[in-house]
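Number of protein chains: 2
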Amino acid sequence: MSTPDALLRLREYLRSESYEATVVPTADPHSGEYLPSHYACRQWLSGFTGSAGTLVVTLDAAALWTDSRYFEQAEQQLADTGIELMRLKVAGTPSIPQWLQEHLGEDDTVVVDAELYPHSEYVALEEALPPGCLITEEGLFDAIWKGRPALEFHPLIALDETITGESVTSKCARLRERLDMGLPYVYLITACDEVAWLCNIRGTDIPYNPVPLCYAALTADRLTLFVDPAAVGEAVHRSLVSQQVDIQPYADFGQYLKRIPQNCVRIFSGNRICELHYQLALEHIPDRPVTPVVLADPEMGGVLARMKARKNATELAGFRKAFEEDAKAWVKLLDWIEAEIDKGELTEYTVAQQLIAFRQECPDYRGESFAPIVAFGPHGAMPHYHCASPEEAAPIRRGGFLLMDTGAHYTYGTTDTTRTIHTGEPTAEEKADYTAVLKGMLQLSAARFLPGTRGASLDMLARGEVFKRGHAYLHGTSHGIGHYLCVHEGPQSIRMEENPVPLELGNVLSNEPAIYWPGHYGIRLENVVAVVEDGQQNENTFHRFETLTQVPFDRKCIDFDQLGPECMAFLTALSANSPRN
Amino acid sequence: MSTPDALLRLREYLRSESYEATVVPTADPHSGEYLPSHYACRQWLSGFTGSAGTLVVTLDAAALWTDSRYFEQAEQQLADTGIELMRLKVAGTPSIPQWLQEHLGEDDTVVVDAELYPHSEYVALEEALPPGCLITEEGLFDAIWKGRPALEFHPLIALDETITGESVTSKCARLRERLDMGLPYVYLITACDEVAWLCNIRGTDIPYNPVPLCYAALTADRLTLFVDPAAVGEAVHRSLVSQQVDIQPYADFGQYLKRIPQNCVRIFSGNRICELHYQLALEHIPDRPVTPVVLADPEMGGVLARMKARKNATELAGFRKAFEEDAKAWVKLLDWIEAEIDKGELTEYTVAQQLIAFRQECPDYRGESFAPIVAFGPHGAMPHYHCASPEEAAPIRRGGFLLMDTGAHYTYGTTDTTRTIHTGEPTAEEKADYTAVLKGMLQLSAARFLPGTRGASLDMLARGEVFKRGHAYLHGTSHGIGHYLCVHEGPQSIRMEENPVPLELGNVLSNEPAIYWPGHYGIRLENVVAVVEDGQQNENTFHRFETLTQVPFDRKCIDFDQLGPECMAFLTALSANSPRN
Numbered sequence: 005m006s007t008p009d010a011l012l013r014l015r016e017y018l019r020s021e022s023y024e025a026t027v028v029p030t031a032d033p034h035s036g037e038y039l040p041s042h043y044a045c046r047q048w049l050s051g052f053t054g055s056a057g058t059l060v061v062t063l064d065a066a067a068l069w070t071d072s073r074y075f076e077q078a079e080q081q082l083a084d085t086g087i088e089l090m091r092l093k094v095a096g097t098p099s100i101p102q103w104l105q106e107h108l109g110e111d112d113t114v115v116v117d118a119e120l121y122p123h124s125e126y127v128a129l130e131e132a133l134p135p136g137c138l139i140t141e142e143g144l145f146d147a148i149w150k151g152r153p154a155l156e157f158h159p160l161i162a163l164d165e166t167i168t169g170e171s172v173t174s175k176c177a178r179l180r181e182r183l184d185m186g187l188p189y190v191y192l193i194t195a196c197d198e199v200a201w202l203c204n205i206r207g208t209d210i211p212y213n214p215v216p217l218c219y220a221a222l223t224a225d226r227l228t229l230f231v232d233p234a235a236v237g238e239a240v241h242r243s244l245v246s247q248q249v250d251i252q253p254y255a256d257f258g259q260y261l262k263r264i265p266q267n268c269v270r271i272f273s274g275n276r277i278c279e280l281h282y283q284l285a286l287e288h289i290p291d292r293p294v295t296p297v298v299l300a301d302p303e304m305g306g307v308l309a310r311m312k313a314r315k316n317a318t319e320l321a322g323f324r325k326a327f328e329e330d331a332k333a334w335v336k337l338l339d340w341i342e343a344e345i346d347k348g349e350l351t352e353y354t355v356a357q358q359l360i361a362f363r364q365e366c367p368d369y370r371g372e373s374f375a376p377i378v379a380f381g382p383h384g385a386m387p388h389y390h391c392a393s394p395e396e397a398a399p400i401r402r403g404g405f406l407l408m409d410t411g412a413h414y415t416y417g418t419t420d421t422t423r424t425i426h427t428g429e430p431t432a433e434e435k436a437d438y439t440a441v442l443k444g445m446l447q448l449s450a451a452r453f454l455p456g457t458r459g460a461s462l463d464m465l466a467r468g469e470v471f472k473r474g475h476a477y478l479h480g481t482s483h484g485i486g487h488y489l490c491v492h493e494g495p496q497s498i499r500m501e502e503n504p505v506p507l508e509l510g511n512v513l514s515n516e517p518a519i520y521w522p523g524h525y526g527i528r529l530e531n532v533v534a535v536v537e538d539g540q541q542n543e544n545t546f547h548r549f550e551t552l553t554q555v556p557f558d559r560k561c562i563d564f565d566q567l568g569p570e571c572m573a574f575l576t577a578l579s580a581n582s583p584r585n
Numbered sequence: 005m006s007t008p009d010a011l012l013r014l015r016e017y018l019r020s021e022s023y024e025a026t027v028v029p030t031a032d033p034h035s036g037e038y039l040p041s042h043y044a045c046r047q048w049l050s051g052f053t054g055s056a057g058t059l060v061v062t063l064d065a066a067a068l069w070t071d072s073r074y075f076e077q078a079e080q081q082l083a084d085t086g087i088e089l090m091r092l093k094v095a096g097t098p099s100i101p102q103w104l105q106e107h108l109g110e111d112d113t114v115v116v117d118a119e120l121y122p123h124s125e126y127v128a129l130e131e132a133l134p135p136g137c138l139i140t141e142e143g144l145f146d147a148i149w150k151g152r153p154a155l156e157f158h159p160l161i162a163l164d165e166t167i168t169g170e171s172v173t174s175k176c177a178r179l180r181e182r183l184d185m186g187l188p189y190v191y192l193i194t195a196c197d198e199v200a201w202l203c204n205i206r207g208t209d210i211p212y213n214p215v216p217l218c219y220a221a222l223t224a225d226r227l228t229l230f231v232d233p234a235a236v237g238e239a240v241h242r243s244l245v246s247q248q249v250d251i252q253p254y255a256d257f258g259q260y261l262k263r264i265p266q267n268c269v270r271i272f273s274g275n276r277i278c279e280l281h282y283q284l285a286l287e288h289i290p291d292r293p294v295t296p297v298v299l300a301d302p303e304m305g306g307v308l309a310r311m312k313a314r315k316n317a318t319e320l321a322g323f324r325k326a327f328e329e330d331a332k333a334w335v336k337l338l339d340w341i342e343a344e345i346d347k348g349e350l351t352e353y354t355v356a357q358q359l360i361a362f363r364q365e366c367p368d369y370r371g372e373s374f375a376p377i378v379a380f381g382p383h384g385a386m387p388h389y390h391c392a393s394p395e396e397a398a399p400i401r402r403g404g405f406l407l408m409d410t411g412a413h414y415t416y417g418t419t420d421t422t423r424t425i426h427t428g429e430p431t432a433e434e435k436a437d438y439t440a441v442l443k444g445m446l447q448l449s450a451a452r453f454l455p456g457t458r459g460a461s462l463d464m465l466a467r468g469e470v471f472k473r474g475h476a477y478l479h480g481t482s483h484g485i486g487h488y489l490c491v492h493e494g495p496q497s498i499r500m501e502e503n504p505v506p507l508e509l510g511n512v513l514s515n516e517p518a519i520y521w522p523g524h525y526g527i528r529l530e531n532v533v534a535v536v537e538d539g540q541q542n543e544n545t546f547h548r549f550e551t552l553t554q555v556p557f558d559r560k561c562i563d564f565d566q567l568g569p570e571c572m573a574f575l576t577a578l579s580a581n582s583p584r585n
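Structural data, given as structure tokens:
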């Protein structure tokens, strides 16, 4: 066993400060999907590179909790480190508080970096541990992580109203209408994509998420944007100032929080703000305030997040254009695969690269919206398979399912499309499975529903067809998609689990049922849909989905009898939009 | 205006006791669907006979809150009483606490009869009113309601294991396994149907619900049943005693609650126990107890209610037999309608009576499970239409939809069936509506799903077809059904709203989508289904529904093209079971 140097250095520090343990989650103060390397403390300490996991270190033990996607990878990467692997959702796996209580003495102290903990998770951990056991330290890793990567800031991009459809001042006015309760308030916005939407800016500081590192604070008369001053070019600066945005340095957000007046109500989402910012924002609150000082975000899922998820007409038009451009690249790719496959040089890696190359032909392309998934044969049965390098890539031959799930950013919208094609002649069983996935996807796309409908009410329209084939996918059927923003966007979703946030007009969502047959193949088909009006009848107002995706399906895999007349008619109507026709 | 005498007498009493107001809900200490006349205080005071409503009376004002089903009826019945009608869920209608605060002074006292208030609702009212404002009085109406009907007790019926499939001792053992936490406890059971299930008894004290008035208390070593001693015949007494059931007088339940030992944990559902019993059970608790004294029911929806809803093999066999018997009566009725209709004497009333007559041919018939709904033409568009007398009944003629929703108790099961037939030749639009309802019903009946699935996940399979026709029914698609017990049984349901209680093996549920076209017609089709296993595939365990109902559909109303091949095949398989074939 060779304990990693980083871990030794951490323990030395804990000992010197009389701490007995620390918990290191995979998070940053923006609660984003991707972590800047500056915040990759867990990876630095453990060597485990998965996207999810929490490391717990005591003076003489260490363990890492992660989910089933990463069991194998974590086992390999943790071998010989002395860090025990804790398999989440497996019987017998202790919770972190349970494990800590077994490994700690009565008066021991657990320290965490308050910047890495969402406030609500911090509170949950605090409540699960003995009173007084948990404390925070700002910049815990600064002292011990030699060569810790600095945050990187790149130039800000300003979007004008022809792209966003709404000015910053109008967005602020709508927010203020919802936030105003007759008391002075400050609305704290810590998620980069929420700030980006509100300020009509984009950036390239985070992989795949086209956002800058930023914060914002909105009061009744002022919007303050915290960004790296060097990243604000002259034109962007002019544009922001003309829209009454105060620009302050990114590094000053903490100072701003400390200076919030006592009588000002702090409004934020407890699962978005980090514990450090929570503590700073409440530092100077008197013991018995006269008015409330903290209020939860006034809407389920967040008032700004809900507004952002209701795309306006300009944004929807941009999405349509983005999917049109993307379909051109996809159709070229499908033709290219057919032309190349018998040459024997196709691999999962070359296909992914080739789609990027075709996308780059569009001048408005701004990069992939997530790491492309190209999975041949049995690889397709792993929902999160990603082939990172040419060396690991499987060759693609005649006679199997090829699953491709990729998406792109265009200056006017973000795409996310999954197509599965068969490189040979599908068997009857393969056709039946493909058709079930397609039927589920189309049934959901064709749904008609009432305003206020929650995603859980619609999920079975897609998932039920997969059940009939004896399979079950355990991920959601649908996630929200940002407008030239994060490809995974809340708060709406369509999944088995209850999510109380209803679907709303303008929501843009994926629709991606799947069959995974381990050791054999995976079939996932994903269209993106927008919630639109569907008229009034008998005093009822209806909503439906408009399908944005225009990429054709692999028709030789469809059993049209099994598909049924209703789905067939719906598919025919969709196909009329495909660039192939 | 002529204030009802009862109201005058109530106000006199309030004045004499220095109370300023009272709230009279529609409830009894058993939280049942039907109220014994003894508890019909609201009706006695107001003259309003609807099944739902809350009356609030101050010294000089009175108002009654009820829902849209009863707006018209309440308006008529409250005319000239001085009682203002408050329309629930209509904009501008104040809540009861709001109204009370407008009508009361600062130190005024509101008194309620603690027997009429479920504990959780009492707490909600208490929290909405100023501290100290709300108090309870036991037997508030005894003093002022001259000639108040006494509770009526009828002989108990004991069911043996060939009907129930499980002995009382076995049920108690299973409950104790879930309740035991190493502390002395008492599980308080106040819902008559829960007591009836646990003790394998039935009764006739409540209309439509085949239960006796009863309570029960279960401890680690004792089951105490509170019933009227005169209602326990010799054989029933022997049977109960042989199963270790202690029998105590119904009237002694309050005394029992007061004598619960201090260190005994009281376990109950706060929305089932009434405030009186809650207070009595906690009367002798010390201020700072060493161990917890009150625990919520350990399962969502109630541990006993969940057990009761999971029907065993014997109960399911009984249900099958009940639906078989019931289908015989239905088929006779359908033939009889066809034979009688041209004679011009058919009415909604005579049809309801005739179905009862056909049911009575079965010696195991034990009465209707709810007031029959027979609704012709536009009457069918009222979901809760009930024709109470021959005089009110509409004649049934050729050329319209006839909606019949009725159910029966047999000694081995309870039924609930809705069929809509067309007495003439349906138009294309009528066929399209009928087929949509049928298709929704069949799609839900044919669902395949995972263990743990909640009703909200399945609802759209039925409801979505109705939306496609431009209609929307706002009631649930499905309620649970008791085994020779209440026809409306929780805690499972299938509805748009989230209900966290999952469907479980053995659940028996209705499946009743509908189209209501006000002024024209109503179409509702209801089958009853049981949750059963559907095998294992690819490491997944599946559940499906077994259809219990065998009554045929009106085939001339079905557009088979619209129905589609999948539903058609499912319908054909069902029809093989129908006694008509």
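One line per chain: the protein sequences are R and W, in this order. Be aware that the first sequence starts at 5, since it is given in this note's numbering, and climbs by one per residue. Be aware that the second sequence starts at 5, since it is given in this note's numbering, and climbs by one per residue. Even for Gly, the Cβ is constructed at its ideal location relative to N, Cα and C. Treat the numbers as computed from the prediction; the structure is a model and nothing was measured.
Notebook entry, point to check: In whole angstroms, what separates the C-alpha of Val215/W from that of Cys196/W?
Noted result: Straight-line spacing of the CA atoms in Val215/W and Cys196/W works out to 6 Å.
Check: DSSP three-state call for Ile587/W: helix, strand or coil?
Finding: This structure leaves residue 587/W out entirely; chain W is present only between 5 and 585.
Checklist line | Alpha-carbon spacing of Pro40/W relative to Glu156/W, whole angstroms | finding: Taking the straight line joining both Cα atoms gives about 8 Å.
Note to self: So that I know if they touch, is there some Cβ in chain R lying closer than 8 Å to that of Asp463/W?
What the structure shows: The beta-carbon of Asp463/W is placed less than 8 Å from the nearest beta-carbon of chain R.
Item checked: C-beta neighbour in chain R for Glu570/W, strict 8 Å -> It does: the Cβ of Glu570/W has a partner Cβ on chain R nearer than 8 Å.
Item checked: Residues bridged to Pro122/R [DSSP beta-bridge criterion] -> Per DSSP, Cys278/R.
Check: With a cut-off of 8 Å, does the C-beta of Arg73/R fall near any C-beta of chain W?
Finding: No - not a single Cβ of chain W is within 8 Å of the one on Arg73/R.
Next item on the list: Using beta-carbon positions only, say whether Ser497/R and Gly459/R come within less than 8 Å of one another.
Entry: Cβ distance < 8 Å, so Ser497/R and Gly459/R count as in contact.
Notebook entry, point to check: Of all Cβ atoms in chain W, is any one closer than 8 Å to the Cβ of Glu516/R?
Noted result: No, because no Cβ of chain W sits closer than 8 Å to the Cβ of Glu516/R.
Check: If you check the beta carbons only, do Lys472/W and Arg452/R fall under 8 Å apart?
Finding: Closer than 8 Å, so yes.
Next item on the list: Check each candidate in Leu280/W, Asp250/W, Leu49/W and name the one with the smallest Cα separation from Lys150/W.
Entry: Relative to Lys150/W, the option among Leu280/W, Asp250/W, Leu49/W whose CA is nearest is Leu49/W.
Notebook entry, point to check: So Leu63/R packs on Glu24/R, CB below 8 Å; how close in whole Å?
Noted result: Separation of the CB atoms of Leu63/R and Glu24/R is rounded to 6 Å, and the pair is thereby assigned contact status at 8 Å.
Check: Name the chain W residues that come within less than 8 Å of Lys472/R, Cβ to Cβ?
Finding: Neighbours of Lys472/R on chain W, chain order: Arg452.
Note to self: Against Gly468/R, what residues of chain W qualify as contacts under a CB-to-CB distance less than 8 Å, listed in chain order?
What the structure shows: Per Cβ cutoff of 8 Å: Ala451, Arg452, Phe453, Leu465.
Check: If Ile271/W sits next to Tyr189/W, beta carbons under 8 Å apart, how far is it from one beta carbon to the other, in whole angstroms?
Finding: In this structure Ile271/W touches Tyr189/W by the C-beta definition: roughly 6 Å separates them, less than 8 Å.
Check: Pairing CB atoms from the stretch 94-111 of chain W with CB atoms from the stretch 415-425 of chain W, are three or more of them under 8 Å?
Finding: Taking one beta carbon from each stretch, the stretch 94-111 of chain W and the stretch 415-425 of chain W have fewer than 3 pairs nearer than 8 Å; the two do not touch.
Next item on the list: Pull up the distance between the alpha-carbon of Glu349/W and that of Ile425/W, whole angstroms please.
Entry: Rounded to whole angstroms, Glu349/W to Ile425/W spans 18 Å at the Cα level.
Notebook entry, point to check: Taking a cut of 7 Å between CB atoms, which residues from the stretch 529-558 of chain W lie near chain R?
Noted result: If the cut-off is 7 Å between Cβ atoms, the stretch 529-558 of chain W has Gln541, Asn542, Asn544, Phe546 near chain R.
Next item on the list: Could you name the residues of chain W that Glu502/R contacts, counting a contact when the two beta carbons are closer than 8 Å?
Entry: Within chain W, the residues placing a beta-carbon under 8 Å from that of Glu502/R are Arg458, Ala460, Glu502, Pro504, ordered along the chain.
Margin query: What does DSSP give as the partner residue(s) for Ala534/W in the beta ladder?
Written below: Val512/W, Glu550/W, per the DSSP bridge assignment.
Next item on the list: Determine the direct distance from the alpha carbon of Thr113/R to that of Leu133/R, and round the result to whole angstroms.
Entry: Taking the straight line from one Cα to the other gives about 10 Å.
Item checked: 6 Å Cβ shell around Phe574/W - same chain, five flanking residues per side excluded -> So the qualifying residues of the chain are Leu446, Ala450.
Note to self: With distance defined between alpha-carbon atoms, name the residue in His479/W, Arg499/W, His475/W, Ala436/W nearest to Ser461/R.
What the structure shows: Among His479/W, Arg499/W, His475/W, Ala436/W, the Cα nearest to that of Ser461/R is on Arg499/W.
Check: Per DSSP, Phe272/W forms a beta bridge with which residues?
Finding: Note: Phe272/W is bridge-paired with Ala300/W in the DSSP secondary-structure output.
Next item on the list: Could you tell me which residues DSSP puts in a beta bridge with Gly526/W?
Entry: Answer is Tyr520/W, bridged to Gly526/W.
Next item on the list: State the DSSP-derived secondary structure class of Phe405/R, mapped to helix, strand or coil.
Entry: Strand, per DSSP.
Item checked: Where His492/R sits in the DSSP three-state scheme -> Here His492/R sits in coil by DSSP.
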